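J.: Note that the working numbering has the sequence shown beginning at 788, numbered continuously upward.
Every residue, glycine too, gets a C-beta built ideally from N, C-alpha and C.
All figures in this text were calculated on a predicted structure; none of them were measured in a lab.
Take a look at this one; I'll ask things after.
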Amino acid sequence: MNENQGDRTDGDGIRGTAAGTAPVPLSVLDLVTVGQGRTASQALRTGVEIARLAELRGFHRYWVAEHHSMPGVASSSPAVLLAHIAAHTDRIRLGSGGVMLPNHAPLVIAEQFGTLEAMAPGRIDLGLGRAPGTDGATAAALRRSDRLNEGADDFPQQLSELIRFLDDDFPDGHPYARIHAVPGPVQATAPGGVQSAHRPPVWLLGSSGFSARLAGTLGLPFAFAHHFSARNTIPALDLYRSSFRPSAVLDAPYALIGVSALAADEEAEARRQVLTGALSMVRLRTGRPGLIPSPEEAAAYGFSPMEREFVDGWLADVIHGTADEVRTGLDDLAKRTGADELMITANAHGGEARLRSYELIADAYGLPGAA
């Protein structure tokens, strides 16, 4: 952590403020992708560059997502990665989009994110999902069990346990009443103890209605994966809003959506770049996950009719083109969905294209910090 960082107080840290001419706050979801001919070390350095650019240009938050057994995604350990990013940034909110709760003991997550909160006070978000973030066999290896549905079905109970560890408020007589997540609130109750007032806000993530309803019922902020479940976006957001009950965290719903968007200096170049992500998804969906292919390989690939149909459908939900075209697409998406925040993920082979995309989008909206 930079020495001059200090505690950052900006309200609850959930609600952002739109910058420039953006219709809502803009944020970044970084999958820390690894392209062919690139190393994980290079991908992680690009992640730092993206986070620093996002901070400089006024994006509200930078999140990473837990994935496993995918050669093209280097974000299997969100807490480790976020600690690294925290050491290279000063102000931007950092978080998980998300940690897959059934893969971990709630106490471990509370400890990890309590540690992150101590590293970057007032800047940490804890986004939680209930999917494994991988295939069934890998999930079984992660959880040391092949009873995978049980983990998802127990999600509300696991969530309640995690929040109690974060707040250190198990009731007397509970088996965990004398167990404390450290760093955490228990340190303020020890003789002479002083503890930061900040606690990472919990978000629920989803691509269907389950987490939408649960987030609404609990009065928590909600993040929807529009970037890979676009058909469910509006129904899920409607369900979240209709289910919402005010809580100590939020007095009104707050929903962000993840959106895949890539801007380039020319429309043809944007198309060339996003085709690499589409081919990567074709391989993932057919059980052949690998590194992100180069634009040259994607352009030369012979898609079967079925693959071409999938690619066309996939790219229909990726906002891409020149900066003005991407701005128009993002504006339209914010209007159609009523999302309170847009979290942009730019999937491409190389870090240069992704960095350029975020720069162009920031310029298109007149975000601060332009060179």
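#1: Which same chain residues, not among the five before or five after F846, have their C-beta less than 6 Å away from its C-beta?
#2: Mind listing, in chain order, the continuous alpha helix (DSSP H) runs of no fewer than 4 residues lying wholly within the segment 1064 to 1152?
#3: Which whole runs of the alpha helix (DSSP H) in the segment 888 to 968 are 4 residues long or more, in chain order?
#4: What separation, rounded to the nearest whole angstrom, lies between the Cα atoms of R965 and T902?
#5: Would P978 be called buried (16 or more neighbouring beta carbons within 10 Å of its own) or exposed?
#6: Give the secondary structure of V821 by DSSP, where H, G and I count as helix, E and B as strand, and everything else as coil.
#7: Which residues bound the alpha helix (DSSP H) around H1027?
#8: Secondary structure at I1044, three-state DSSP: helix, strand or coil?
#9: In its own chain, which residues sit with a C-beta less than 8 Å from the C-beta of A1151, not counting the 5 before and 5 after it?
#10: Am I right that L1129 and I1044 are in contact with their C-beta atoms under 8 Å? What's the rounded C-beta distance?
#11: What residues match up with R848 in a beta bridge as DSSP calls it?
#12: Drop a sphere of 10 angstroms on the beta-carbon of T876, count the other beta-carbons inside from all chains shown, and report buried for 16 or more, exposed for fewer.
#13: Quick check on L868: does DSSP put it in helix, strand or coil?
#14: In angstroms, rounded to a whole number, what distance separates the CA positions of R832 and T976?
#15: Please report how far the alpha carbon of R1059 lies from the alpha carbon of A870, in whole angstroms.
#16: For the segment 1033 to 1041 and the segment 1068 to 1084, state whether three or more C-beta atom pairs, one from each stretch, are separated by less than 8 Å.
#17: State yes or no: is the C-beta of V969 within less than 8 Å of the C-beta of E898?
#18: For N791, name the three-state secondary structure that DSSP assigns.
#19: Whose C-alpha, out of L1154, A1035, G822, L894, is nearest the C-alpha of V1061?
#20: Quick check on this structure: which residue in V860, Q945, G800, S828 has the alpha carbon closest to the alpha carbon of L1078?
T.: Considering the structure as presented:
#1: Sequence index remark: in the sequence shown, residue 846 carries index 59 (1-based). Counting only Cβ-Cβ distances below 6 Å, and skipping sequence neighbours, we find L813, S814, V815.
#2: 1082 to 1087, 1092 to 1103, 1110 to 1124, 1138 to 1151
#3: 893 to 906, 923 to 930, 935 to 940, 942 to 954
#4: Here residue 965 refers to the residue found at position 178 when the sequence shown is read from its first residue. Here residue 902 refers to the residue found at position 115 when the sequence shown is read from its first residue. Cα to Cα, R965 sits roughly 20 Å from T902.
#5: In the sequence shown, residue 978 corresponds to position 191, counting from 1. Counting Cβ neighbours within 10 Å, P978 comes out exposed, since fewer than 16 surround it.
#6: Here the question's residue 821 lines up with position 34 in the sequence shown. V821: coil per DSSP, three-state reduction.
#7: Mapped onto the sequence shown, residue 1027 falls at position 240. The amino acid at residue 1027 is misidentified as His; the sequence shows Tyr. Run containing Y1027: 1020 to 1030, per the alpha helix (DSSP H) assignment.
#8: As a first step, residue 1044 is located in the sequence shown; it is residue number 257 there, counting from the start. I1044 falls in the strand class under three-state DSSP.
#9: Stepping through the sequence shown from its first residue, residue 1151 is reached at position 364. Once the five neighbours on either side are set aside, the close Cβ partners of A1151 are A1050, A1110, D1111, V1113, R1114.
#10: The count along the sequence shown starts at 1 and reaches residue 1129 at position 342. The count along the sequence shown starts at 1 and reaches residue 1044 at position 257. 6 Å between Cβ atoms; contact.
#11: For the purposes of this step, residue 848 is taken as the residue at position 61 of the sequence shown. In DSSP, R848 forms a bridge with R880.
#12: Counting from 1 along the sequence shown, the entry for residue 876 is found at position 89. The residue in question, T876, is buried, as its Cβ has 16 or more Cβ neighbours within 10 Å.
#13: By one-based count along the sequence shown, residue 868 stands at place 81. Helix.
#14: As a working mapping, residue 832 is identified with position 45 in the sequence shown. As a working mapping, residue 976 is identified with position 189 in the sequence shown. Between R832 and T976, the C-alpha separation is close to 40 Å.
#15: Taking the first residue of the sequence shown as 1, we reach residue 1059 at position 272. Taking the first residue of the sequence shown as 1, we reach residue 870 at position 83. Spanning the two alpha carbons is a distance of roughly 33 Å.
#16: no
#17: Position 182 of the sequence shown, counted from the first residue, corresponds to residue 969. Position 111 of the sequence shown, counted from the first residue, corresponds to residue 898. In this structure, E898 lies closer than 8 Å to V969 by Cβ.
#18: In the sequence shown, the residue the question calls residue 791 occupies position 4. Confidence in N791 is poor, its pLDDT being 35 and thus under 50, which makes the residue's placement unreliable; the coordinate value appears in the next sentence. Of the three classes helix, strand and coil, the one that applies to N791 here is coil, per DSSP.
#19: Sequence index remark: in the sequence shown, residue 1061 carries index 274 (1-based). For V1061, the nearest C-alpha among the options comes from G822.
#20: Taking the sequence shown and counting its residues from 1, the one referred to as residue 1078 is at position 291. Closest by alpha carbon: V860.
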